[in-house]
Amino acid sequence: MAPQRFHEQFDQIQRTLPDVPLAMGPDDSAEFIYEKGVVLARDGEEAQVVEDTVRTHFTAAAGLVPDHVRRAGPRTNRSGITRIQVGDPGQGDRTGDRAVAGALRALREAEGRTGRRLVSRNHVVSISVNACPGDEPVPVPLTEPLNPSPSEGAHDPDGAVGVLVVDTGLMHDHRSFPLLAHTGGDLQLRETDEDGVLQQYVGHGTFIAGLLAAVAPNTDITVRGTLNDAGAILEDAFGERLFDAVEEGGWPDILSLSAGTSNGRVDGLLGLDAFIRALRDQRTLLVAAAGNNASATPFWPAAYASLPDYADAVLSVGALRGDGEFGACFSNHGPWVRVYAPGERLTSALTGFDAPVPYVYQHSTYDACRYGFGYACTCRSPRHSGVLSDGSGKPDQVMFEGFASWSGTSFATPVVAGLVAAHMTAHKESDPRAAARQLLAGNTEFAEVRGAHVPALLPATWRPVPAGPA
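Using my numbering, the letters of the sequence shown correspond one by one to residues -11 to 458.
Spelled out as structure tokens, the structure:
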């Protein structure tokens, strides 16, 4: 990712979390964003070890001050994680945090002795890697068909598959879209800004619910607004909110999650450790997006699918290009991605249908934003950016009347979640993890992603669209 582009995206995330000083790392490599001045450790004895070790290290090290080292939150909570302040978050700039880096180094020897990680940055988890999804949503006339179009089948209240979507919430008028008659949950907290323009990523959760319902009509879908703040949340808070989501309505059959982050490691996110271990002991299948950074670096929590302890509980999903033959240029990839599904220019409900809603695009200076493909990219502040602009710098405004076309691994994920749910209904399979295994074992479709031959799941009602450079 180009450094200039990442700095633009960093600005968007910082505005989303204005009270949390952020830095990017590691070493300004544009791999992830994290909270300055704070590290995470497991509750109890490990947290005390981290606190004491960091304080001792900072006392002896030149340029590091032990005065700030202290607990920065409750000593115990459901996520099993304690926040430990290690520095002044107001010091330094966005390119890194010397205190956090020093705290990580202070624990290296102890981690070597124990054979596992004891301390972590507090990463920003987002529905769109580094604040940039596959593209901007584009209005689609109500006369055009959905893609995937609705599958045949009826909703059975007594046998419907329960699907939990952890995302941005639902539009207030989502029930005006017939496919979402069996969808409930949290409404988007604020849909428009003071000018009546749709806010960033508003409609994302509604769009995902529409895709799920189209692929799997016999589902009861619940959308939680866990990521209402433009799709971004800190790692430690995310662990807590995931527990909130499953405790409010019980563990679902399928949990569809289009959010995550890389962290430069291959052993997962410390802030999600307790939730992932709890998930392993349930029957719920987590279907998680592989991310939109065009990277082979593991993206969490999707990459838990590659760890033996969680391979049965997590299904990681990458995105295919519009023609279904190759991977989408934005999709993360690598052996940790278990399956790919259409994720480019899908059509679903975005806003509901009460009244048209405006959406603003700002001209993008990144000609290669999506590697030469004709996407309207979101990597420009202060508003969304897009190739829909004429180059003058004046924002363009488009109107949504219900439907949109959108691209990203965010949307390949509910397609796969829907296919697992549809398999459960068709085969009277009550175990979602068994259904996922059966679906993959019986799959005969493949695609090419960065030269690799990978399994592809293509809904019967999905229509290929032309793909090629702009």
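We put the beta carbon where it would ideally sit given N, CA and C, even for glycine.
Note that the structure is predicted; figures quoted are calculated from it, not measured.
Inter-residue Cα distance where the pair is residue i and residue j
i	j	result
Val267	Ala301	Sequence check: residue 267 is Leu here, not Val. Each residue's alpha carbon lies about 7 angstroms from the other.
Arg86	Glu417	52 angstroms
Asn65	Asp31	8 angstroms
Leu308	Phe314	6 angstroms
Tyr189	Asn280	15 angstroms
Asp419	Gly237	18 angstroms
Val327	Val305	5 angstroms
Val408	Leu258	28 angstroms
Phe399	Pro145	26 angstroms
Ala290	His441	20 angstroms
Leu486	Gln176	A question about residue 486 goes unanswered here, because the residues of the chain that appear run from -11 up to 458.
Pro138	Phe231	32 angstroms
Val386	Thr44	57 angstroms
Gly213	Thr413	27 angstroms
Val185	Thr194	17 angstroms
Val211	Leu222	20 angstroms
Phe263	Ala204	27 angstroms
Pro457	Gly310	Low confidence applies to Pro457: its pLDDT is 46, below 50, so where it sits in the model is not reliable, and the reading given next is rough at best. Between Pro457 and Gly310, the C-alpha separation is close to 12 angstroms.
Glu235	Gly51	45 angstroms
Asp261	Asn431	31 angstroms
Thr449	Pro136	5 angstroms
Pro129	Phe226	36 angstroms
Trp394	Ile242	23 angstroms
Ala197	Gly252	31 angstroms
Asp297	Ala343	48 angstroms
Ala364	Arg63	Model confidence at Ala364 stands at a pLDDT of 42, short of 50, so the residue's coordinates are unreliable and nothing is read from them.
Glu99	Arg265	20 angstroms
Collapsed DSSP secondary structure at residue i in the structure displayed
i	result
Thr171	strand
Met412	helix
His441	strand
Thr449	coil
Val113	strand
Gly20	One detail in the question is off: residue 20 reads as Phe in this sequence, not Gly. Strand at Phe20.
Ser395	coil
Val126	strand
Leu308	strand
Ala202	helix
Glu436	strand
Gly84	coil
Arg59	strand
Gly13	strand
Phe46	helix
Gly237	helix
Gly213	coil
Gly406	helix
Gly51	coil
Gly25	strand
Ala282	coil
His321	coil
Ser418	coil
Nearest residue (CA-CA) to residue i, options the options
i	options	result
Val42	Pro14, Glu23, Pro9 and Ala89	Ala89
Val151	Ala316, Gly331 and Leu199	Leu199
Arg3	Asp261, Val112 and Arg63	Val112
Val26	Arg71, Leu5, Gly13 and Pro452	Arg71
Pro125	Thr449, Val345 and Ile1	Val345
Ala169	His143, Glu23 and Leu52	His143
Thr397	Ala316, Pro443 and Arg425	Ala316
Ala435	Gly312, Ser108, Val325 and Arg333	Gly312
Gly157	Gln187, Ser139, Ser250 and Phe46	Gln187
Asp(-1)	Asp217, Arg82 and Pro166	Arg82
Thr102	Pro9, Phe226, Glu34 and Pro286	Glu34
Glu132	Ser336, Leu446 and Val234	Ser336
Arg425	Pro330, Ala98 and Leu273	Leu273
Pro9	Asp76, Arg63 and Arg59	Asp76
Leu95	Ala429, Val154 and Ala29	Ala29
Residues bridged to residue i (per DSSP)
i	result
Ile69	Arg30
Val208	Residue identity check: residue 208 is Asp in the sequence provided, not Val. Gly150, per the DSSP bridge assignment.
Ile221	Val113
Met159	For Met159, which the question treats as bridged, DSSP gives no partner whatsoever.
Leu106	Beta-bridge pairing links Leu106 to no other residue.
Ile1	For Ile1, which the question treats as bridged, DSSP gives no partner whatsoever.
Asn135	Thr335
Ala276	Leu245 and Ser304
Tyr328	Gly306 and Ala444
Leu295	None; Leu295 has no bridge partner.
Leu186	Thr180
Trp462	Not covered by the structure: residue 462. The range shown for the chain is -11 to 458.
Gly315	Leu308
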